[in-house]
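Participant: I have a structure here, written as structure tokens, and I will follow up with some questions on it.
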Amino acid sequence: MKKISLLGSTGSIGVNTLDVVERNPESFQVLAMSAGSNVDLFAEQIRKFKPKIASLFDTTKVATLKERVADLDVEIVPVEEGAVATLPEVDVVVSGVVGSAGLVPAMQALKAGKNLALANKETLVIAGELVLKEAEKTNSQIIPIDSEHSAIFQALNGEKKERIKKIILTASGGPFRTYSLEQMESITVKDALKHPNWDMGAKITIDSSTMMNKGLEYIEAKWLFGLDTPVEIIVHAQSIIHSMIEFVDTSIMAQLGLPDMRVPIAYALTYPDRFECDLPSLDLATMGDLTFEAPDFERFPCLQLAIDALETGQTMPAILNAANEVAVQAFLDELIPYKDIAEIIRMVMHNHRPSPLNDLQDVLNADQWAREETTKLITVTH
Ligand code: MG
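Each residue of the sequence shown is one higher than the one before, starting from 182 at the first, in our numbering.
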């Protein structure tokens, strides 16, 4: 029986993780849970999965939560205590938190020596070096849940990292893969929230449409599999091949499957083993064609911004990420047009003077600076 702590239980990854747990009650038990602000769903989940402790990020709703679960044997603990990420009897901490808010609990989990099943890519994007150092110090393992990184992780099974020639990171291309530059002028929130293959939360769906998601995944892959390892991005519209590794002998290993996050979640929970999943199988004959094309950096400028941010290093990836979070939220709130997401991030990066990341506080300060700068730019220019 694996004992799990779940961070971000009401988001898309959290809901899928609980689905995997529910299908395998003899293998998994959720001992601790945290959520952002969806108190209705969270109370329901607590009732069903009966964790020992739970935390809610939105402090204005804690009293409501306590009321809802008053009849249950669960302790509601303040989120800042980090108890959900560090509960002693937990084997693996799953992080499905959205955005840079995932960094602090991920670091708490690693510090406590927990294995971390990581869906929150922002943790590695903004603080890769610090996160890896912490994992090494406590000998805890980071198991990627992001489908591309899970694919690479699986393709690397039994192989040596030093034998990788390059990583081939696949991208669906999102809903605007075939749009002209002109068509991209008038994209609405509704258009951008329609992902062709994956059913995900709003933030990551917008990131997929701008291909910032792939840019963040590029940075994530570099931290997970080696900063010196070349990463090639290839657009593969069907999202069946979740990523590949080319080895030094030119042999390529790929991982395939239907686009369903429950598969990489289950793998992260059962690793290094696998278990039977009662999910639909991929039918290749029905699929027919698998297609590939080079990404277009002109129509998807966020991709280059992310690559540049990692190249600059230090605080710059944290700046890229925070500016993106604020700009995406502003687009969702219909404060800025779609095209301005990339433009605003570019301006914030341009205005930033990178500095070294010595500790967690440096990351949080950079994140805060970029949020303020982005908000200011949006207010001034719109
Ligand atoms: Mg992904």
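For each residue, glycine too, the CB sits at the ideal point set by N, CA and C.
#1: Residue 483 to residue 556, Cα distance in whole Å?
#2: Thinking C-alpha only, which one of 252, 264, 215 is nearest residue 242?
#3: Beta-carbon separation of residue 308 and residue 284 under 7 Å?
#4: Could you give the distance in angstroms between the alpha-carbon of residue 225 and the alpha-carbon of residue 188?
#5: Would you tell me roughly how many angstroms separate the C-alpha atoms of residue 218 and residue 262, rounded to the nearest one?
#6: With 16 other CB atoms within 10 Å as the buried threshold, where does residue 338 fall?
#7: With residue 212 and residue 185 assumed to form a contact (beta carbons below 8 Å), what rounded beta-carbon distance in angstroms separates them?
#8: Within its chain, find whatever has a CB closer than 7 Å to the CB of residue 554; leave out the 5 residues flanking it on each side and keep chain order.
#9: Between 332, 394, 507, 487, which lies nearest to residue 435 when the distance is taken from Cα to Cα?
#10: Between which two residues does the alpha helix (DSSP H) carrying residue 406 extend?
#11: Is the number of C-beta pairs between the region 493-511 and the region 343-360 that are closer than 8 Å three or more?
#12: Leaving out the 5 sequence neighbours to the left and right, which residues in its chain are closer than 7 Å to residue 485 when beta-carbon positions are compared?
#13: Thinking residue 255 and residue 232 are a contact (beta carbons under 8 Å), I'd like their distance in whole angstroms, please.
#14: Excluding five sequence neighbours on each side, which residues of the same chain lie with their C-beta closer than 6 Å to the C-beta of residue 440?
#15: Ends of the beta strand (DSSP E) at residue 216?
#16: Please confirm whether residue 347 and residue 429 have their CB atoms less than 7 Å apart.
#17: Got a sec: is the Cβ-Cβ distance from residue 476 to anything in chain B below 7 Å?
#18: How about residue 328: is its Cβ closer than 6 Å to a heavy atom in the ligand MG?
#19: Short check: CB of residue 258 to CB of residue 281, under 7 Å?
#20: Which of the three DSSP states, helix, strand or coil, is assigned to residue 365?
#21: I'd like the ranges of any alpha helix (DSSP H) spanning at least 4 consecutive residues and lying wholly in the region 210-293.
#22: Using a 10 Å radius around the Cβ and a threshold of 16 neighbouring Cβ atoms, would you call residue 398 buried or exposed?
#23: May I ask which residues mark the beginning and end of the beta strand (DSSP E) holding residue 456?
#24: Quick one: Cα of residue 313 to Cα of residue 450, how far?
#25: For residue 427, which of helix, strand or coil comes out of DSSP?
#26: Going by beta carbon distance, what residues of the same chain come within less than 8 Å of residue 413, once the five residues before and after it are set aside?
#27: To which residues of the same chain is residue 431 closer than 8 Å at the C-beta, ignoring the five residues directly before and after it?
#28: Compute the Euclidean distance between the alpha carbons of residue 523 and residue 542, then round it to the nearest angstrom.
#29: Assuming residue 352 is part of the beta strand (DSSP E), what are its boundary residues?
#30: According to DSSP, simplified to helix, strand and coil, what is residue 186?
#31: Helix, strand or coil for residue 553? Go by DSSP, reduced to three states.
#32: Would you mind stating whether residue 546 and residue 306 have Cβ atoms separated by less than 7 Å?
#33: Looking at the strands, I want to know which residues DSSP matches up with residue 415.
#34: Can you give me the Cβ contacts of residue 201 inside the same chain, cut-off strictly under 6 Å, excluding the 5 residues immediately before and after it?
Facilitator: Judging by the given coordinates:
#1: 18 Å
#2: 215
#3: yes
#4: 16 Å
#5: 17 Å
#6: exposed
#7: 7 Å
#8: 529, 532
#9: 332
#10: 393-406
#11: no
#12: 478
#13: 6 Å
#14: 378, 379, 420
#15: 209-216
#16: no
#17: Looking at the structure shown, chain B is missing, and only one protein chain is on hand.
#18: yes
#19: no
#20: helix
#21: 220-230, 243-249, 264-267, 284-292
#22: buried
#23: Residue 456 -> no beta strand (DSSP E), and no H or E assigned at all.
#24: 20 Å
#25: strand
#26: 347, 348, 349, 350
#27: 346
#28: 27 Å
#29: 345-352
#30: strand
#31: helix
#32: no
#33: 351
#34: 443, 446, 447
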